[in-house]
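Counting with this note's numbering, you get residues 871 to 1056 for the letters of the sequence shown. Worksheet: one structure, shown below.
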Amino acid sequence: MRIFHGFDALPRFRHAVATVGSFDGVHRGHRALIEHLISEAKKAGGESVVLTFEPHPRITLGRAEGLVLLTTFEEKAALLEELGVDDLIVIHFDEAFSRLSCREFIEDYLMGKVGAETLVVGFNHRFGHDRVDFSTLSVEGLRIVHVDEERVTGEKVSSTVIRNLLAKGETEEAERLLGHPAKLKI
């Protein structure tokens, strides 16, 4: 997997199929999304491109109180590589970046700099300071694929749920939702 920091020195990706998110923990929900990403990239004869943030957006936005990350950047990158992701773009999430609208991000960065032809998003994905819901978004030249919520034996899978389980000492249940051993012991 190739790793790029920022947008300035990106190569021309071949039929880029992209997804965007923090991917803290690379849990089963993230894995389902990444599997769709890789499948779409293979169908398009292209590359799977994950865009992630460093630091976590909640830190930049001043909403990190009580936030304990499930993985370091290095662990996250290793887990994404194990899943078969072709390219990882690390976005320095700062105040200026946080002010981008969804449309600015898509047109200027996702399509403009990455060259994404397809965007794979989770069931509740929103981004941009305007928090646009992708179920209502249509962008000419960009195919958008929605992935349904992942549940494990009826339970919602999310980083928050997993953090709460670890905080209560329920490591086995947390690992069941993660899909891999927990690196973090809260």
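Even for Gly, the Cβ is constructed at its ideal location relative to N, Cα and C. Quick caveat, the model's predicted, so the values are computed rather than measured.
Beta carbon of residue i nearer than 7 angstroms to that of residue j
i	j	result
V1027	H897	yes
E1043	P1051	no
T1121	G895	This structure gives no information on residue 1121, because the portion of the chain shown stretches from 871 to 1056.
V955	M871	yes
E945	K1053	yes
D1000	S971	yes
F883	K983	no
I873	L958	yes
Per-residue burial, residue i [other beta carbons within 10 Å of its own, 16 or more giving buried]
i	result
R901	buried
E1020	buried
H995	buried
V964	For the sequence presented, residue 964 should be read as Asp rather than Val. So D964 counts as exposed.
G1039	exposed
G915	exposed
G992	buried
A947	buried
L949	buried
Residue i versus the options, residue with shortest Cα-Cα distance
i	options	result
A879	T930, L953, S909 and I961	I961
R1033	G915, G936, P881 and A911	G936
F893	G876, P925, R884 and I1014	P925
E1010	A986, F963 and I959	A986
E1025	G998, A948 and L1048	L1048
D1018	S909, L903, K1038 and R933	L903
H1016	A948, T1030, T988 and L980	T988
F943	H875, A911 and L1007	H875
L953	P881, R882, S909 and L1007	S909
D978	G992, F993 and G998	G998
S1057	T1030, G982, I976 and G992	Coverage of the chain is limited to positions 871 through 1056, which leaves residue 1057 absent and any answer about it impossible.
K913	I1014, H885 and G932	H885
L1035	I873, P881 and V938	V938
A911	F923, R1013, G932 and R928	R1013
A966	A934, R973 and T930	T930
Any chance you could list the beta strand (DSSP E) runs of at least 3 consecutive residues sitting entirely within the region 942 to 983, in chain order? 957 to 962
Quick one: any contact between the region 914 to 926 and the region 886 to 905, if contact means 3 or more CB pairs under 8 angstroms? Yes, they touch.
Which runs of the beta strand (DSSP E) fall wholly inside the region 1008 to 1049 and span at least 3 residues, in chain order? 1013 to 1017
Could I get the ranges of all uninterrupted beta strand (DSSP E) runs contained in the region 916 to 946, with 3 residues as the minimum, in chain order? Contiguous beta strand (DSSP E) elements confined to the region 916 to 946 occur at 918 to 924, taking only those with 3 or more residues.
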